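Under the working numbering, the first residue of the sequence shown is numbered 158, with each subsequent residue one higher. So the structure is just underneath, and the comments pick up after that.
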Amino acid sequence: MSPTREELLQWDREVVWHAFTQMAEYEPVVFERGDGCILTDIHGSKFIDGVSSLWCNIHGHRHPRLDDAIRDQLERVAHVTSLGASNSTTIQLAKRLVDLAPTSLGHVFFSDDGATAIEVALKMAFQYWHQRRDPRPEKNGYVAFENAYHGDTLGSVSVGGVARFHQMFGPLLFDVVRSPAPDMYRLPVGVTRESACGYYLAQLDQLLGQHAEKVAALVIEPLVQAAAGMLVHPPGFLQGVRELTRKYDILLIADEVAVGMGRTGTMLACEQENVAPDFLCLAKGLTGGYLPLAATLTTNEVWQAFLGD
Ligand SMILES: Cc1ncc(COP(=O)(O)O)c(C=O)c1O
């Protein structure tokens with residue numbers, strides 16, 4: 158028997174622990190249908206899904222092509238492991254992603270969500286420096302930006318920089334070298350919109366000059382730091398960061414979990430500044446919110462460091 162509306166509301170308050178929600182004050186909002194950008198709750202009230210279910214449902218709810226694709230998949234197989242095995246859907250999606258990404262990104266590692274895509278990139282970067290032909294195991298740290306948000310697993314929290322979310326977990330986290338967030342809205346005194354890019358790049362240059370020998374990778378949300386409050390970077394900043402990571406021999410991790418899959422007007426945000434990172438992390442819009450799935454794309458250089466007998 159289906160639960161009554163009252164039971165649903167009560168259980169939602171008592172049993173479901175909602176993310177980023179103060180449960181002492183939570184008033185249930187229970188949706189039961191979605192159509193395009195409209196969500197309908199159990200009382201029949203309609204809401205505009207103005208946040209695309211937190212940046213995931215980028216094609217809307219119950220999109221006919223996506224619904225058909227899911228049905229078609231269910232007719233064949235629900236899940237197969239990727240440990241030493243594959244299936245045609247995985248292979249076709251990987252191929253499509255490398256075709257969409259900058260040509261240097263030719264290999265795709267799938268995982269489950271944005272945080273995991275970042276964990277994968279952090280670990281691959283670390284392992285790359287240990288395993289490449291000319292190993293540099295001392296390069297085992299990371300550079301990230303103030304107010305960065307990369308997810309809620311411990312590695313992604315370590316590179317995250319939003320004090321309200323991350324501060325109390327300090328004792329569990331690894332140290333990160335932190336660069337100021339290039340914020341075009343709250344510019345420091347004496348910095349103009351025109352000088353902002355050079356100003357923030359100069360600070361990063363100085364920081365990398367001090368720490369590069371011990372840094373495996375720099376992680377950035379390209380163009381927009383979404384969770385920081387839609388903090389828009391100055392034009393040219395991403396390209397400048399790519400040049401600095403090359404200058405200091407540091408791998409670049411582009412976290413496109415929020416900005417990828419068309420969210421900034423191009424399929425990938427990196428395209429807008431002709432940047433090819435060493436790692437590209439995708440999730441959220443990748444499945445239009447239909448399934449938890451993430452991808453970490455990387456280069457042949459990294460891939461080669463993992464091959465052996
Ligand atoms: C830039 C960025 N990276 C990573 C994540 C984490 O993604 P997920 O919630 O799927 O773990 C988010 C989530 O908002 C994000 O905005």
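Every residue, glycine too, gets a C-beta built ideally from N, C-alpha and C. Computed from a predicted model, the values in this text were never measured in an experiment.
By how many angstroms is the C-alpha of residue j removed from the C-alpha of residue i?
i, j, result
"L262", "V432", "11 Å"
"F436", "T310", "18 Å"
"E163", "P185", "11 Å"
"G422", "L231", "32 Å"
"G366", "N297", "16 Å"
"D105", "I248", "A query on residue 105 cannot be resolved here, the shown segment of the chain reaching from 158 to 466 and no further."
"L223", "G355", "43 Å"
"G417", "E370", "30 Å"
"V300", "V277", "16 Å"
"A388", "V173", "A small fix is needed here, since residue 388 is Leu in this sequence, not Ala. Computed Cα separation, rounded: 32 Å."
"D192", "P221", "10 Å"
"T197", "E171", "22 Å"
"S352", "P434", "25 Å"
"S159", "R399", "54 Å"
"K280", "A373", "10 Å"
"D362", "I275", "23 Å"
Any heavy atom of ligand 1 inside 7 Å of the beta-carbon of residue i?
i, result
"V316", "no"
"V187", "no"
"Y299", "no"
"E306", "Reading off the sequence, residue 306 comes out as Tyr, not Glu. Because some heavy atom of ligand 1 lies under 7 Å away, the Cβ of Y306 counts as near it: yes."
"A374", "no"
"E378", "yes"
"G201", "no"
"V414", "yes"
Can the beta-carbon of residue i be found less than 8 Å from the beta-carbon of residue j?
i, j, result
"T402", "L395", "no"
"L491", "V316", "The structure shown does not extend to residue 491, since the chain is modelled only from 158 through 466, so no value can be given for it."
"D406", "C438", "no"
"H323", "A272", "no"
"L454", "A258", "yes"
"R538", "A462", "Lying outside 158 to 466, the shown extent of the chain, residue 538 is not represented and no answer is given."
Going by DSSP, which residues form a beta bridge with residue i?
i, result
"A452", "F267 and L439"
"I410", "V376 and F436"
"T197", "R190 and K203"
"L388", "Q382"
"V334", "V300"
Please state whether DSSP places residue i in a helix, a strand or coil.
i, result
"Q382", "strand"
"H218", "strand"
"S315", "helix"
"V298", "Contrary to the premise, residue 298 reads as Gly rather than Val in this sequence. In this structure, G298 counts as strand in the three-state DSSP scheme."
"L344", "coil"
"S209", "helix"
"L262", "strand"
"E232", "coil"
"D466", "coil"
"F322", "helix"
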